[in-house]
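Read the structure below first, then the notes.
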Amino acid sequence: MQLSSFFIAIVVAVGIFAQTPAVPDPSINTPTGVIQCQPVQLTCSGTQPPFVITIVPGGEANAAPLETVGTTSENAVTWMADLPTNTNYTLLIRDGMGRTAASAPFVIFPGTDSACVKSNSAAASPAPAK
């Protein structure tokens, strides 16, 4: 009798656990056509807020951030492309559960204005020549 009660308790516990919806891993989209000193819409999805978005050298997800874009509870944030041009960068996102994801590397192209570039901006890896 005790064994059947134990078995029923296990089945109920497994059933409850199986019904708990999984929270999707965070993701952040790779921006395209980024022009220096122009605003860029960064979008993310499948995450639990708040989201912390940072920029690291291209393809180096474990590197120290070059810049923190900000913390938001929204699935989109606008960033002024204020880093040096012709350089590879990667966006990182960390959600409220501490889970992280990275974009693919992207390049910032020169624009007509470079006044927004921070004087202490460390350059990341140069973009490959085309």
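Per this note's numbering, the sequence shown runs over residues 14 to 143. We put the CB at the ideal spot given by N, CA and C, even for glycine.
In the DSSP assignment, find the unbroken beta strand (DSSP E) run with residue i in it and report its ends.
i	result
LEU104	101-107
CYS57	52-58
GLU80	80-85
VAL120	119-122
ALA76	Neither: ALA76 is in no beta strand (DSSP E) and is coded neither H nor E.
MET93	89-93
ALA114	113-115
Between the Cα of residue i and the Cα atoms of the options, which residue gives the shortest distance?
i	options	result
THR43	SER132, ALA117, PRO62, GLY124	ALA117
GLN49	ILE106, ASP108, THR100, MET110	THR100
LEU105	GLY124, PRO78, SER127	PRO78
VAL130	MET110, LEU96, ILE121	LEU96
GLY71	PHE119, THR81, GLY59, ASP108	PHE119
ARG128	GLN51, SER58, GLY46	Arg is not the amino acid found at residue 128; the sequence shown has Ala there. Selected option, being the one with the closest Cα: GLN51.
THR208	CYS57, ALA76, ASP126	Because residue 208 is not part of the residues shown, which for the chain are 14 to 143, the question remains open.
SER132	VAL47, ASP38, THR125, GLU80	GLU80
My understanding is that residue i touches residue j, with C-beta atoms under 8 Å, so please give their C-beta distance in whole angstroms.
i	j	result
ALA115	ALA89	ALA115 to ALA89, Cβ: 18 Å. No contact.
SER40	PRO62	About 14 Å; that fails the 8 Å criterion.
MET110	VAL65	Incorrect: roughly 12 Å between the Cβ atoms, too far for contact.
ARG107	THR98	27 Å between Cβ atoms; not a contact.
VAL53	ALA94	5 Å
VAL82	THR103	About 12 Å separates the two Cβ atoms, so there is no contact after all.
Spell out the partners DSSP gives residue i in its beta bridges.
i	result
THR43	According to DSSP, THR43 bridges with nothing at all.
PRO70	TYR102
THR125	None, per the DSSP bridge assignment.
VAL65	THR84, ARG107
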